[in-house]
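Asks: In full-length UniProt numbering, the protein residues as written are 1 to 339. Ideal Cβ positions, reconstructed from N, Cα and C, are used throughout, including at glycine.
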Ligand code: NDP
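See the structure below:
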């Protein structure tokens, strides 16, 4: 298939791009600058431009940002939209988080509908943030699944950056489903809802300082930033980036994935477990890691919500990687950029 992947420079998208190529798809990816296109291109020296090409889209928060890129691809068949801000360096929640998430999502959908009727499948990276009800805390006894929606309001969104991020994902995913309902486009939509995503970074786009948000907790552990106390885990469920990337690709390939949300998680984890995995596999970080007696980072005493990931395993056929494999591969990749 000829596939447009948005935000090809991102942590998750870099893996989506590689799996698309492995599966024989033709990939055109959007990035914000020519230097990012060049970095991706030089990391794939044997892939011709007919298989891997680029379009520059500087800011997805601008209305019509994707029009030019999409108009230049008349026989496009599928779109995977991953680009969206995931960070908490926020001065203006609307401008920094909500607009790029919401306008980015509706913008790509409008561009496809208006300019490329050949597109049949669209996959959007949403999040467990659009499922979980943060106001209910750890919610022991409750089972989260695709039927749940985060009830966050605009008023709550602007209270702090964490709310702002969760709201950005919730509002963007809702806007996508509303678009489908109202506009009845020629294409189907599938949304991917992962919780914390961990796993190896690609060396050619990363530095320790510029690391994506979800892997920062592991970087912080191995660079001695948590020696006195292991931070709270926060979100207690996770998925490996390679499993999640495969879900995105399967979602354009498998007919039954159309018009569905997917809650994509491998299961529970805690920061304390991550710490133990690093201690066991990388003795060279002994002085940077918190000592075995250091407290924090464990599971909550009162218990935790359950999760139902059966749609992902059944429809997309995913077998989840384990935490130890994911953390070992992540730490090795962090070493390759200087950790
Ligand atoms: P990254 O920060 O690595 O990737 C984000 C991508 O979005 C980058 O390519 C970035 O470009 C691009 N982007 C952000 N804002 C804009 C903008 N205004 N205009 C154009 N491009 C923009 O994060 P992840 O790979 O982790 O996240 C990818 C997707 O997955 C996001 O939608 C995120 O919400 C979602 N997600 C991530 C989870 C995780 O734990 N990592 C969990 C659940 C969902 P650039 O790098 O050039 O700024």
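#1: According to DSSP, which residues form a beta bridge with residue 193?
#2: According to DSSP, is residue 60 helix, strand or coil?
#3: Go to residue 240, then tell me how far its beta strand (DSSP E) extends in each direction, as first and last residue.
#4: With DSSP collapsed to three states, give me the class of residue 78.
#5: Quick check: residue 132 and residue 144, are their CB atoms within less than 8 angstroms of each other?
#6: Does DSSP put residue 134 in a helix, a strand or coil?
#7: Let me check one thing: in DSSP terms, what residues is residue 26 bridge-paired to?
#8: Please classify residue 52: does DSSP put it in a helix, a strand, or coil?
#9: On the CB-based measure, 16 or more other CB atoms within 10 Å of its CB, does residue 283 come out buried or exposed?
#10: Using a Cβ-Cβ cut-off of 6 angstroms (strictly less than) and excluding sequence neighbours within five positions of residue 324, which residues of its own chain qualify?
#11: If contacts are defined as beta-carbon pairs under 8 angstroms, then residue 187 and residue 122 qualify, I think. What distance do you get, rounded to the angstrom?
#12: So, under 8 angstroms CB-CB, residue 167 and residue 175 are touching, yes? Tell me the CB distance rounded to an integer number of Å.
#13: Using three-state DSSP, classify residue 41 as helix, strand or coil.
#14: Between 96, 178 and 334, which lies nearest to residue 200 when the distance is taken from Cα to Cα?
#15: Within 10 angstroms of its Cβ, does residue 104 collect 16 or more other Cβ (buried), or is it exposed?
Replies: Taking the coordinates as given:
#1: 263
#2: coil
#3: 237-240
#4: strand
#5: yes
#6: helix
#7: 2
#8: strand
#9: exposed
#10: 277
#11: 5 angstroms
#12: Their Cβ separation, rounded to whole angstroms, is 12 angstroms, which puts residue 167 and residue 175 out of contact at 8 angstroms.
#13: helix
#14: 334
#15: buried
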